[in-house]
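Heads up: the structure comes next, in structure tokens.
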Ligand SMILES: Cc1ncc(COP(=O)(O)O)c(C=O)c1O
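What follows is the structure, given as structure tokens:
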């Protein structure tokens, strides 16, 4: 049988490609795995204990309503209303198999093959791959040098075929938080053109902003806004596969046609875990996020002197975005040298961008302070090819 062209030309899993490199590594250094986007902590142990008793209940293996457990939707709506200082209701929430599925459902509700979606660059690679698989044209909104999308630049990219603008804040891979006034400008642009603004807010909890944006305070915001949320990183529970979309009931209904066909509903045990984290005291989560903040500061410190010529362009959430000094050498070759010579595993920026900008993404959050400090001397020892 023959595969579709889009499948053949879609990026293979970058994380698995790095794992394959790891298997080849035979150096004397201890491995520093900065490739996978992990928060460096796992689900609160006291919640795991609670879940253990859920497993023994008869109905834990049952389906739940396709929009999600009513108790979870209500609890998330109430938590989000507090965070955004706005009125968000259960009807605005769709519980999904992670933020990735929420994104796919949003795109599938809005765009058909041949349509266009504006994607802020650097983008999260799965946002790109889903567009590619669907034969929807990504239109690149470059954000250099600030790494913050500009609404005037976005305006110039809108055509009759544009269905949405997609931004991630804080960003993966850059960690950059888009300031609330800029988010509002992007919203006004979407409104002017009658299209959607899709915001992936998977890393919201790691941002230093207290009020991420004002979109949910706008009258009739649901006509143009779809926000995506993930329990994976904030609560250290990616394998439970729980995320959400926050949108108008009309859009939620449209998205459900996709999510029901794909997965019926998000896993019930994951939803129980998500409900338990929302109902638990905040202290544990706050302390974990504080640990990530300290590692972020340490990462900035380590890169303050551009060790080995590696320049930290931005750092935020759980990521750092670096530029390597080897002009003329493809970034993928630098990534391989870092891995095989120094045991440092990072992702090449080329999986997040449409051109090679000499960038690499590192995730520092999964590392100890000692490991982060060791990056400096190791990078300094990398020779020019
Ligand atoms: C921006 C962004 N969105 C979505 C996801 C996936 O989240 P989930 O595990 O909720 O599907 C990730 C994971 O790395 C991400 O970085």
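Residue numbers (the numbering used here): 8 to 392.
By construction, the Cβ of each residue, glycine as well, lies at the ideal position given by its N, Cα and C atoms.
Taken in chain order, the region 196-223 contains no complete alpha helix (DSSP H) segment of 4 residues or longer. Residue 147 is positioned such that its CB atom lies no closer than 9 Å to that of residue 363. For residue 138, the enclosing alpha helix (DSSP H) begins and ends at 132-140.
Taking 3 residues as the shortest admissible run, the region 87-116 contains the following complete beta strand (DSSP E) segments, listed from N- to C-terminal end: 100-103.
The closest heavy atom of ligand 1 lies 8 Å or more from the beta carbon of residue 65. Fewer than three beta-carbon pairs drawn from the region 138-147 and the region 226-242 are found closer than 8 Å, and the two stretches are therefore not classed as touching.
DSSP places residue 52 within a helical segment (H, G or I) once states are collapsed to three. The DSSP assignment places complete beta strand (DSSP E) segments of no fewer than 3 residues inside the region 291-333 at 318-323 and 326-330, in order along the chain. Only buried fits residue 207, as 16 or more other CB atoms lie within 10 angstroms of its CB. Runs of the alpha helix (DSSP H) lying entirely within the region 9-65 and spanning at least 4 residues, in chain order: 12-15, 21-31 and 52-62. Cα atoms of residue 169 and residue 13: separation of roughly 20 Å, rounded to the nearest angstrom. Sixteen is the threshold: since fewer than 16 other Cβ atoms of the shown chains lie within 10 Å of the Cβ of residue 216, the residue is exposed. For residue 368, the uninterrupted beta strand (DSSP E) segment begins and ends at 366-370.
Here the alpha carbon of residue 306 sits roughly 10 Å from the alpha carbon of residue 369.
In terms of CA proximity to residue 247, 238 leads the group 291, 238 and 62. For residue 339, the enclosing alpha helix (DSSP H) has its first and last residue at 338-349. Distance from the C-beta of residue 211 to the nearest heavy atom of ligand 1 is not below 8 Å.
Where residue 377 is concerned, the enclosing alpha helix (DSSP H) starts and stops at 376-387. Here residue 27 is exposed. Its C-beta has fewer than 16 other C-beta atoms within 10 Å. By the CB criterion at 9 Å, residue 324 and residue 223 fall outside the cutoff. Secondary structure note for residue 70: it is in no alpha helix (DSSP H), with a DSSP letter that is neither H nor E. By the C-beta criterion, the region 347-357 is judged to be in contact with the region 32-42, since at least 3 inter-stretch pairs fall below 8 Å.
Per DSSP, the unbroken alpha helix (DSSP H) holding residue 269 starts and ends at 256-270.
The set of residues with CB atoms less than 5 Å from any heavy atom of ligand 1 reads, in chain order, 44, 105, 106, 107, 131, 175, 179, 207, 209, 237, 239, 245 and 250. In the DSSP assignment, no residue is bridged to residue 238. Collapsing the DSSP output to three states places residue 180 in coil.
Residue 16 is positioned such that its CB atom lies no closer than 9 Å to that of residue 276. If you draw a straight line from the Cα of residue 84 to the Cα of residue 282, it comes to about 12 Å. Excluding five sequence positions before and after residue 190, the CB atoms of its chain that fall closer than 6 Å to its own CB belong to 220, given in chain order. Nearest in C-alpha terms to residue 294, of all of 44, 50 and 261, is 50.
Annotation for residue 284: the continuous alpha helix (DSSP H) segment containing it runs 275-286. With respect to the C-alpha of residue 278, the residue from 175, 250, 134 and 377 having the closest C-alpha is 250. The bridge partners DSSP lists for residue 147 are 126.
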